[in-house]
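Under my numbering, the first residue of the sequence shown is numbered 7, with each subsequent residue one higher.
Below is one structure, written out as structure tokens; comments come after it.
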Amino acid sequence: MTKATIADGDQMEYGPNWVLSRRGILKVYEDRLECGDWTIPYIGISDAILYSVTSTLFIPGYVLKVSTKERTYHFGLNWNPFWKGELPFPVKREKGKLGYSRFSLIIRFFLVGYLLYLLWNWWFQSI
Numbered sequence: 007m008t009k010a011t012i013a014d015g016d017q018m019e020y021g022p023n024w025v026l027s028r029r030g031i032l033k034v035y036e037d038r039l040e041c042g043d044w045t046i047p048y049i050g051i052s053d054a055i056l057y058s059v060t061s062t063l064f065i066p067g068y069v070l071k072v073s074t075k076e077r078t079y080h081f082g083l084n085w086n087p088f089w090k091g092e093l094p095f096p097v098k099r100e101k102g103k104l105g106y107s108r109f110s111l112i113i114r115f116f117l118v119g120y121l122l123y124l125l126w127n128w129w130f131q132s133i
């Protein structure tokens, strides 16, 4: 299972691209990657980096960045021993760190505020 997005630059942060990303299955074949209607032949890959990351809740996972001449794909992947082994395409492996976009921080701030509001109301209704 994966969350996938097409975007230039670094997508190593929680943000709107990931909220609106495609959900699906990343299929790894001998000659290509497939995710929904995206087909990425290995021969067309100019660069691939597999980032090992840890989420906010200390859950391990990966972000696979695949660059072709036309676009750059990013795949958010759950931890699986498959990704530690040999892959059928050349890939660099790096440690990555997930950051927070301004959008992500604002959403989290409002969610925490709303939870505090609910707790406050619950506390005073139970007295």
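All residues carry an ideal CB built from backbone N, CA and C; glycine is no exception.
- Query: Between T60 and K103, what straight-line distance do the alpha-carbon atoms span, to the nearest angstrom?
  - Reply: Taking the straight line from one Cα to the other gives about 7 Å.
query = Shortest alpha-carbon distance to F95 belongs to which of I12, I51 and T45?
reply = I51
DSSP three-state call for R77: helix, strand or coil? coil
Checklist entry - Hey, L83 and L70 are a contact pair by Cβ (cut 8 Å); roughly how many whole angstroms apart? => result 6 Å
Take every Cβ of the segment 26-45, pair it with every Cβ of the segment 65-81, and state whether three or more of those distances are shorter than 8 Å. yes
Q: Tell me whether the beta-carbon of A10 lies closer than 7 Å to the beta-carbon of R28.
A: yes
Residues in its own chain within less than 6 Å of K101 by CB, not counting five upstream and five downstream? S58
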